[in-house]
Structure formats: structure tokens, C-alpha cells
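Under my numbering, the first residue of the sequence shown carries the number 205, and numbering increases by one thereafter.
Beta carbons are placed, not taken as given, at the ideal position from N, Cα and C, and that holds for glycine.
Read the structure below first, then the notes.
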Amino acid sequence: MTAKTPSEVIVVGAGIAGAAAAFFLADWGVKVTLIERHHPAAGPTGRSSALLHAFYYMPELSRLAARGIDILRQIPALTGASAGFNRIGNLWGTGPGAAQEFRDVIARVRSEGCEIETLEASELPRHAPDFNWDGIEVAAWEPTCGYADSYSATNALVKGARDRGAAVRLNTPVRRLVTAGGRIQGVEIEDGERIGADIVIAALGVWSKPVLAEIGVHLPLTVERHPHVLVEAAGIARQIMPVCWVDDVLMNYGRPDGEDVLILASWSGGGTGLRGADSERGNLVGDPDDYNEGTESDEAVATVKSFLSRIPRIEPLGIRPGYSGLYDMSPDDNPIIDAVSGVDGLFVICGSSGHGFKMGAAVGEAAARMAVDEKPAVLAPFAMGRFPPTG
Numbered sequence: 205m206t207a208k209t210p211s212e213v214i215v216v217g218a219g220i221a222g223a224a225a226a227f228f229l230a231d232w233g234v235k236v237t238l239i240e241r242h243h244p245a246a247g248p249t250g251r252s253s254a255l256l257h258a259f260y261y262m263p264e265l266s267r268l269a270a271r272g273i274d275i276l277r278q279i280p281a282l283t284g285a286s287a288g289f290n291r292i293g294n295l296w297g298t299g300p301g302a303a304q305e306f307r308d309v310i311a312r313v314r315s316e317g318c319e320i321e322t323l324e325a326s327e328l329p330r331h332a333p334d335f336n337w338d339g340i341e342v343a344a345w346e347p348t349c350g351y352a353d354s355y356s357a358t359n360a361l362v363k364g365a366r367d368r369g370a371a372v373r374l375n376t377p378v379r380r381l382v383t384a385g386g387r388i389q390g391v392e393i394e395d396g397e398r399i400g401a402d403i404v405i406a407a408l409g410v411w412s413k414p415v416l417a418e419i420g421v422h423l424p425l426t427v428e429r430h431p432h433v434l435v436e437a438a439g440i441a442r443q444i445m446p447v448c449w450v451d452d453v454l455m456n457y458g459r460p461d462g463e464d465v466l467i468l469a470s471w472s473g474g475g476t477g478l479r480g481a482d483s484e485r486g487n488l489v490g491d492p493d494d495y496n497e498g499t500e501s502d503e504a505v506a507t508v509k510s511f512l513s514r515i516p517r518i519e520p521l522g523i524r525p526g527y528s529g530l531y532d533m534s535p536d537d538n539p540i541i542d543a544v545s546g547v548d549g550l551f552v553i554c555g556s557s558g559h560g561f562k563m564g565a566a567v568g569e570a571a572a573r574m575a576v577d578e579k580p581a582v583l584a585p586f587a588m589g590r591f592p593p594t595g
């Protein structure tokens, strides 16, 4: 990779996408500074369920997910550190209404080089013997996927960036972006210090909207809180749920976390890259620095109940204190990854809409390439201009 001109680049935010952007820039020999107000994966990245799959209705989401997962697999070789990759497979089932669409999408994803296959209902019990498969007609099976450890993966990329010469400034809150004459100039941190650069990648996720609004850029984002329920399954978690599971009928998903815990969650619709017509917005959060980071008892009970008809074995299991993460949602549930019109040198990554972790490393790579070379074609659907101006 050769930049058009030697540039100093600042990446703000060390979630998975920002960490990857800094890693690839440093790997290409670009002078880069990664700035994070806390520690890597301190925000929504660290509270992701970290499921990995390339099954999406939108081809570009599939391609970003496939590349992101590939980078996660390579992290030990690239950085000498672990991404906590657990290759247990991902299974995504649906009912008769969407069965043909699933078959078509699976064929397309497979044609793009991903290991994915269509499983009919009769084939499903061998993958999860304790599931009740009523209502499921077909499933997408990705045997080489599974889940990763979001903290480990993100910290590994930060380590890799630092090893390649990146300056990494943790516990360094950015107060504002600095602009002049329609160009980015750098950032100002909380103590008043200004750090100059002619390119800034704002990988701010749920904090994007207020930070960009201060320079007159209004992003059409909302922030949703998503609870994750932890179920005690000492020694039997992998027996009960031997794969990562996404249920397009009951609108829930889960995975084992090692041998002793199940992580369960639900969603209101969409998730495949096209928002469901009947989907409702989730629990909206006004301030991403002030929200309920745990789970309420009624949320935990409702989530577990949503799984009982599919996985009866979880009924007698106990519930541990859970956690809630945040999603920065765009109006169409797809990311915004683009240059910012009117502010030369400023690029934004936001609106991951729940897709963020699995494709985050690829998003960071693509955004870095866009910032110092040219915009990759895979980012075309994620332009800011697809939404009418707000503010």
C-alpha cells in the first residue's frame, strides 16, 4: 500500500474498527496516532456478543464480514496475540416464509468464496440435538465461523499497530475535532493540547453524533441499548448450544461462552442487512455515557422465555447478572463509512447497527484505504449522502 502523499493520520476511537484502521495504516508505513479516551474495546466493541458470520442479504455486508472474519483468523500471525477465535460454526435458521430467500442468499455468499451451506430441516438435529426444530425449514450453516473475544482481538490490533510504529494514546479523551477553512486540522484533547494531522478518521461509534455535530455535521443516528442475558450452564453449555445460533423465527440469538455459560439475546427484526418491515426500534438511549449497563430481571426472564420453545433444556438453569451494549443505528440499519462532505481530510465510521464486530476489522481496513488512497467499491452503499441532510 502506498499513500498518495505522505500524511499524518489520527484515528479517534479504539474499538475494533478504529484499532484495525490504525493497524493497517501503520502496516502500510503511514504515520498514524490512535487516540482512545479509555482503553481498547472500552465501548460497545467490548460488549458485543462477537458472533461471526458472513450471511447477509446485502452483498457488501457479506464481503465486509467475510474479510473481517478472515482478519480475525489471521490476528495471531499478524500480531503475535490471540483474537480468542472459537470455530464452532454459526447456524442461522428461518421458517417457510423466508426459506427461498435464505437459499438464494446462501448460494450467492458461497459463490463469493465463503464456506457456507444450506441445511434443510432434516439435517439440523445433528448440529444441535437438544433443539426443537419446529418452525424452521432451512438454515445457513457456516462451519468455519463461530465467535471471538472482542477485547483480545481489539487489543491485539492495537498491539500490532504500536509494533509497526503507530503512536497509541490511551486514557486520552478528545474534546473536539479541529477544523479551519473547510479542512480538518487535527484534534484537541481534554487538557487543551492540540494534535495536528491532515487526515482524521473518526471511529467514534455511538459518540459520533455529538462530536460531529459540533463542527456542523449532523448524522442521522440513534443509539439503542441491547441486553445480553447470561445463563448458568456449568459444564454443559456446549452440550446445550454446540453452535452459535440465530433464530429468524423467534428473533433471538445466542452462543456458548466456554463450557459454563450461555449468552442469550433478542432483537426486534432485520439483522440480515435489510430492515424488517414490522421491526421496531429498540430501547433508545439519549446519552451513551449514562445508561443501564446491566440487565433488568424482567428483561432476562423475557429473553430466556423466548428460547424455551426452541431449547427446552435451558428452563431449569439459573440466570447470572448480564450486561447491555449499545448499537449506533442508522435509519436503514447499515453503516456510514465515508468522507465527510465539506471537511476535507475527515472520514467517519459509524452506524454499525449491530453488525459492527464481525466486520469491524475489514471496515477499519477499508476506511484506512479510503483515507490515504481511494474509496474501495465495497463501501459504496455506505455513503453519507444516501440520507437527506438533518439538523
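Three-state class that DSSP yields for residue i in the structure shown
{"i": "Thr499", "result": "coil"}
{"i": "Ile292", "result": "coil"}
{"i": "Ile320", "result": "coil"}
{"i": "Leu265", "result": "helix"}
{"i": "Val489", "result": "coil"}
{"i": "Lys562", "result": "helix"}
{"i": "Ala224", "result": "helix"}
{"i": "Pro329", "result": "helix"}
{"i": "Pro460", "result": "strand"}
{"i": "Ile586", "result": "It is Phe, not Ile, that sits at residue 586 in the sequence shown. Looking at Phe586 - three-state DSSP - the assignment turns out to be helix."}
{"i": "Arg387", "result": "strand"}
{"i": "Asp308", "result": "helix"}
{"i": "Val234", "result": "coil"}
{"i": "Asp548", "result": "strand"}
{"i": "Val453", "result": "coil"}
{"i": "Gly297", "result": "strand"}
{"i": "Ala469", "result": "strand"}
{"i": "Glu569", "result": "helix"}
Rounded separation between residue i and residue j - CA only
{"i": "Leu416", "j": "Glu346", "result": "38 Å"}
{"i": "Val313", "j": "Thr383", "result": "42 Å"}
{"i": "Ala481", "j": "Val552", "result": "Unreliable positioning characterises Ala481 in this predicted model, as indicated by a pLDDT of 45, which lies under 50. The coordinate reading is nonetheless provided below. The straight-line gap from Cα to Cα measures roughly 28 Å."}
{"i": "Glu305", "j": "Glu569", "result": "30 Å"}
{"i": "Asp502", "j": "Lys509", "result": "10 Å"}
{"i": "Ser483", "j": "Cys318", "result": "Bear in mind that a pLDDT of 49 at Ser483, under 50, signals an unreliable position, so the number given afterwards is only what the model happens to contain. Roughly 29 Å separates the two Cα atoms."}
{"i": "Gly350", "j": "Ala287", "result": "12 Å"}
{"i": "Gly529", "j": "Tyr495", "result": "10 Å"}
{"i": "Ala360", "j": "Arg267", "result": "22 Å"}
{"i": "Asp461", "j": "Ala285", "result": "20 Å"}
{"i": "Pro592", "j": "Ala437", "result": "48 Å"}
{"i": "Val213", "j": "Gly400", "result": "9 Å"}
{"i": "Thr298", "j": "Val450", "result": "9 Å"}
{"i": "Leu408", "j": "Asn336", "result": "41 Å"}
{"i": "Ala230", "j": "Gly369", "result": "6 Å"}
{"i": "Phe259", "j": "Val576", "result": "30 Å"}
{"i": "Glu394", "j": "Ala565", "result": "28 Å"}
{"i": "Gly272", "j": "Gly233", "result": "21 Å"}
{"i": "Thr283", "j": "Ile320", "result": "28 Å"}
{"i": "Lys579", "j": "Met563", "result": "17 Å"}
{"i": "Val453", "j": "Leu295", "result": "13 Å"}
{"i": "Asp548", "j": "Leu328", "result": "52 Å"}
{"i": "Glu392", "j": "Val362", "result": "21 Å"}
{"i": "Asp536", "j": "Leu512", "result": "31 Å"}
{"i": "Ser354", "j": "Gly250", "result": "6 Å"}
{"i": "Thr348", "j": "Leu255", "result": "12 Å"}
{"i": "Ala223", "j": "Leu238", "result": "8 Å"}
Distance between beta carbons of residue j and residue i, contact taken as under 8 Å
{"i": "Pro607", "j": "Tyr531", "result": "As shown, the chain starts at 205 and ends at 595. That puts residue 607 outside it, with no answer to give."}
{"i": "Ile310", "j": "Ala325", "result": "About 15 Å; that fails the 8 Å criterion."}
{"i": "Ala343", "j": "Leu323", "result": "5 Å"}
{"i": "Met445", "j": "Ala332", "result": "7 Å"}
{"i": "Ala406", "j": "Val216", "result": "5 Å"}
{"i": "Ile540", "j": "Gly555", "result": "4 Å"}
Residue from the options whose Cα sits closest to the Cα of residue i
{"i": "Gly589", "options": "Ala360, His422, Arg380, Ile440", "result": "His422"}
{"i": "Gly498", "options": "Ala438, Pro525, Ile220", "result": "Pro525"}
{"i": "Ala245", "options": "Arg387, Glu212, Ala218", "result": "Ala218"}
{"i": "Arg241", "options": "Gly568, Ala343, Leu374", "result": "Leu374"}
{"i": "Asp464", "options": "Ala360, Met455, Val508, Arg442", "result": "Arg442"}
{"i": "Gly546", "options": "Arg368, Arg387, Arg573, Val309", "result": "Arg387"}
{"i": "Ile523", "options": "Ser412, Val435, Val505", "result": "Val435"}
{"i": "Ser534", "options": "Ala566, Phe586, Cys448", "result": "Phe586"}
{"i": "Lys413", "options": "Met262, Thr426, Val372", "result": "Thr426"}
{"i": "Ala221", "options": "Asn456, Ser211, Leu488, Ala357", "result": "Ala357"}
{"i": "Ile518", "options": "Arg277, Leu276, Ser354, Ile467", "result": "Ile467"}
{"i": "Val567", "options": "Leu454, Ile275, Gly390, Ser253", "result": "Ile275"}
{"i": "Leu381", "options": "Tyr527, Leu550, Arg330", "result": "Leu550"}
{"i": "Pro492", "options": "Asn294, Trp411, Leu265, Ser354", "result": "Trp411"}
{"i": "His257", "options": "Ala571, Ile541, Met574, Ile292", "result": "Ile292"}
{"i": "His430", "options": "Lys235, Asp548, Glu500", "result": "Glu500"}
{"i": "Leu488", "options": "Val391, Ile540, Ser557", "result": "Ser557"}
{"i": "Ala352", "options": "Arg366, Val404, Asn290", "result": "Asn290"}
{"i": "Gly390", "options": "Asp367, Ile419, Ala506, Gly364", "result": "Ile419"}
CB contact below 8 Å: residue i versus chain B
{"i": "Ala285", "result": "Within the model displayed, chain B is absent; a lone protein chain is all it includes."}
Can you check the region 392–451 for any alpha helix (DSSP H) of at least 4 residues that lies completely inside it and give the ranges in chain order? Given a length threshold of 4 residues, each whole run of the alpha helix (DSSP H) inside the region 392–451 is given here in chain order: 412–417, 441–444.
Fully enclosed by the region 493–541, which alpha helix (DSSP H) runs are 4 residues long or longer? Inside the region 493–541, DSSP marks whole alpha helix (DSSP H) runs of 4 or more residues at positions 501–512, from first to last along the chain.
Length at least 4, wholly inside the region 332–384: the alpha helix (DSSP H) runs in chain order: The region 332–384 contains these whole alpha helix (DSSP H) runs: 354–367.
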